[in-house]
Amino acid sequence: MNDSDDDSLRPATKLVQGGRRAEWTGDPRLGGAIVNPPVWRASTILYDNIADMKARGHATHDKLYYGRRGTPTVWALADALTAMEAGAEGTLLYPSGVAAIAGGLLALLSPGDHLLMVDSAYEPTRTLCNGLLARMGVRTSFYDPLIGEGVADLIEPDTKLVFLESPGSLTFEVQDVPAITAAARARGVATMLDNTWATPLLFPALAHGVDVAMMSLTKYVGGHSDAMMGSLTATKALWPRLRQGAYQLGQAVSPDDCALMLRGLRTLDVRMERHGANARVIADWLAGRPEVGRVLCPALPSDPGHAIWSRDFSGASGLFGFTLKGADDAARARFIDALDLFGIGFSWGGYESLAVPSDPASIRSATKWSDPDPLVRLSIGLEDPSDLIADLGRGFASMKGSG
Ligand SMILES: *Cc1c(COP(=O)(O)O)cnc(C)c1O
1 MNDSDDDSLR PATKLVQGGR RAEWTGDPRL GGAIVNPPVW RASTILYDNI ADMKARGHAT
61 HDKLYYGRRG TPTVWALADA LTAMEAGAEG TLLYPSGVAA IAGGLLALLS PGDHLLMVDS
121 AYEPTRTLCN GLLARMGVRT SFYDPLIGEG VADLIEPDTK LVFLESPGSL TFEVQDVPAI
181 TAAARARGVA TMLDNTWATP LLFPALAHGV DVAMMSLTKY VGGHSDAMMG SLTATKALWP
241 RLRQGAYQLG QAVSPDDCAL MLRGLRTLDV RMERHGANAR VIADWLAGRP EVGRVLCPAL
301 PSDPGHAIWS RDFSGASGLF GFTLKGADDA ARARFIDALD LFGIGFSWGG YESLAVPSDP
361 ASIRSATKWS DPDPLVRLSI GLEDPSDLIA DLGRGFASMK GSG
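In full-length UniProt numbering, the protein residues as written are 1 to 403.
Following this line, the structure appears as structure tokens:
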């Protein structure tokens, strides 16, 4: 049974039901059905006869054809993600989040086209624009994340796409997504959003006017720091181009990794609630510390993005930043090095907490990052927040200790 396409179901129920189609979880000849879609590993698919082989050449993404086009484990994950975005036609899976971003941009842009890219974008997204896309003759202009409907003034005759990321994953500016997507749509320009921070659970992107919602599933959907994948979920209008692009680039994901992602997806609702609640406790505590300059966390009422965040998002995830007032790089390193429970590492969204230094000033061009205080980014995991607070307290003590 699968009711995940039923839009009357609430998001938490869709996470449980998604992708569990009867034909993927059981066979009437065997009786019964398995709860989870099994791992279907395949390269070669065998046909009954030549006529069957020819007929299946026209098959789309949910018929067995050749391993690269996926198996039911892959389709189950794609299906479950599509169900989370009302108005979506389908979801494509890529071996990483960066591959999903590249897949979307390469499918939608051609030489001579102009791209509007948010200045707070994830750094590898910028690198792609300034590297491969520039080499292919796609021009990128970076824009202020807080531009809102003013994005209309930046749209040129050759502009084909506006790319958004909200909140920015280093600096946490909240974009006015409905205003930006409305301005783009009125001029026939498509929009794509990096929705890794919120996931469709906290921010259903297509319902806010976005045409293509991208996620690094590596982060919250996987949730356990042991698998990488990316996704694009798209409207009916853009789906065929994105799918052709993915086929032409040969993008394929492992069914084993899809099974891990499906396992993560089932608990996304409870994990996000705890990530958000823990992060809020720690953000509030940090805001009261004398060593802290600013806390960059849209869930805090004092945050400049709080009003739009409360209007558009149904909750917060566990990723935010803060600055160390008057500190230098060495003091920041002493602070982070002293932490025991926080790991030092890239990525985020796993069950375990992480802390990393980040330096946004050097990776901006449209806007200036003028805060001189060093920035720390925390990914708050599922530990007890009082233990994490004690750990951060040790960090502050070490920061002062051997100055
Ligand atoms: C990590 C990340 C990506 C890229 O995802 P990978 O799976 O690591 O390739 C894209 N966007 C944001 C905001 C990210 O944090």
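We treat Cβ as the ideally placed atom computed from N, Cα and C, and that holds for glycine.
Predicted model only: the values in this text are computed from it and were never measured.
Under 8 Å between C-beta atoms of residue i and residue j
| i | j | result |
| --- | --- | --- |
| isoleucine 389 | glutamate 123 | no |
| valine 138 | leucine 115 | yes |
| threonine 73 | proline 38 | yes |
| arginine 15 | leucine 268 | Contrary to the premise, residue 15 reads as leucine rather than arginine in this sequence. In this structure, leucine 268 lies closer than 8 Å to leucine 15 by Cβ. |
| valine 221 | leucine 265 | yes |
| serine 379 | leucine 319 | yes |
| glycine 223 | arginine 185 | no |
| serine 317 | alanine 205 | no |
| leucine 242 | leucine 92 | yes |
| alanine 227 | methionine 261 | yes |
| serine 314 | leucine 382 | no |
| alanine 207 | alanine 86 | yes |
| leucine 249 | leucine 128 | no |
| phenylalanine 142 | serine 365 | yes |
| proline 255 | arginine 41 | yes |
Burial state of residue i (16 or more Cβ within 10 Å)
| i | result |
| --- | --- |
| serine 4 | With a pLDDT of 46 at serine 4, under the threshold of 50, the modelled position of that residue is not reliable, and the figure given next carries that caveat. Serine 4 is buried by the Cβ-count criterion. |
| methionine 229 | buried |
| alanine 327 | buried |
| glycine 18 | buried |
| valine 35 | exposed |
| serine 225 | buried |
| glycine 403 | The predicted model places glycine 403 with a pLDDT of 47, which falls under 50 and marks its position as unreliable, so this point remains unresolved. |
| asparagine 49 | exposed |
| methionine 214 | buried |
| proline 167 | buried |
| methionine 1 | Bear in mind that the predicted position of methionine 1 carries a pLDDT of just 37, short of 50, making it too unreliable to give a figure here. |
| tyrosine 47 | exposed |
| lysine 368 | exposed |
| alanine 80 | buried |
Residues sharing a beta bridge with residue i, DSSP
| i | result |
| --- | --- |
| aspartate 114 | Here residue 114 is histidine; the residue named in the question, aspartate, does not match the sequence. DSSP lists Arg139, Thr159 as partners of histidine 114. |
| threonine 91 | Thr233 |
| residue 404 | Past the edges of the chain, shown from 1 to 403, lies residue 404, and the structure says nothing about it. |
| leucine 296 | Gly321 |
| serine 358 | Leu375 |
| glutamate 383 | Partner(s): none; glutamate 383 has no beta bridge. |
| glycine 343 | Leu354 |
| leucine 128 | BP columns for leucine 128 are empty, so no partner. |
| aspartate 194 | Glu165, Met214 |
Of the listed residues the options, nearest to residue i (C-alpha basis)
| i | options | result |
| --- | --- | --- |
| valine 212 | Asp337, Ser317, Ala186, Leu108 | Leu108 |
| glutamine 244 | Lys400, Leu202, Trp40, Gly104 | Gly104 |
| valine 356 | Pro167, Arg377, Ala227 | Arg377 |
| leucine 170 | Ala100, Gly349, Leu296, Arg334 | Leu296 |
| aspartate 373 | Pro360, Ile50, Ser365, Ala227 | Pro360 |
| threonine 140 | Val118, Lys236, Val253, Leu146 | Val118 |
| phenylalanine 396 | Arg332, Ser353, Asp27 | Arg332 |
| glutamate 89 | Ala246, Ala237, Arg289 | Ala237 |
| threonine 13 | Asp256, Met84, Ala246 | Met84 |
| serine 216 | Glu23, Gly97, Gly87 | Gly97 |
| alanine 183 | Gly148, Trp197, Leu206 | Gly148 |
| valine 253 | Ala33, Asp52, Ala100 | Ala100 |
| arginine 135 | Glu383, Asp158, Ser110, Asp153 | Ser110 |
| residue 404 | Glu23, Ser370, Gln251, Thr82 | Any property of residue 404 remains undetermined from this structure, which presents the chain solely from 1 to 403. |
| leucine 154 | Ile180, Trp75, Ala277 | Ile180 |
| serine 43 | Ala55, Asp312, Gly67, Lys54 | Gly67 |
| aspartate 312 | Pro200, Leu392, Trp239 | Pro200 |
| alanine 22 | Asp52, Trp75, Leu193 | Trp75 |
| arginine 280 | Arg263, Asn195, Ala299, Thr196 | Ala299 |
| histidine 275 | Gly293, Tyr351, Gly32, Ser347 | Tyr351 |
Legend entry - the segment 320-330 touching the segment 174-189, judged by at least three CB pairs closer than 8 Å: Verdict: no, contact absent.
Inset, instruction - Report yes or no: do three or more beta-carbon pairs, one from the segment 386-400 and one from the segment 333-346, lie closer than 8 Å? - result: Yes: the two stretches touch, three or more of their Cβ pairs being nearer than 8 Å.
Inset, instruction - Could you tell me whether the segment 301-311 touches the segment 188-196, using the rule of 3 or more Cβ pairs below 8 Å? - result: Taking one beta carbon from each stretch, the segment 301-311 and the segment 188-196 have fewer than 3 pairs nearer than 8 Å; the two do not touch.
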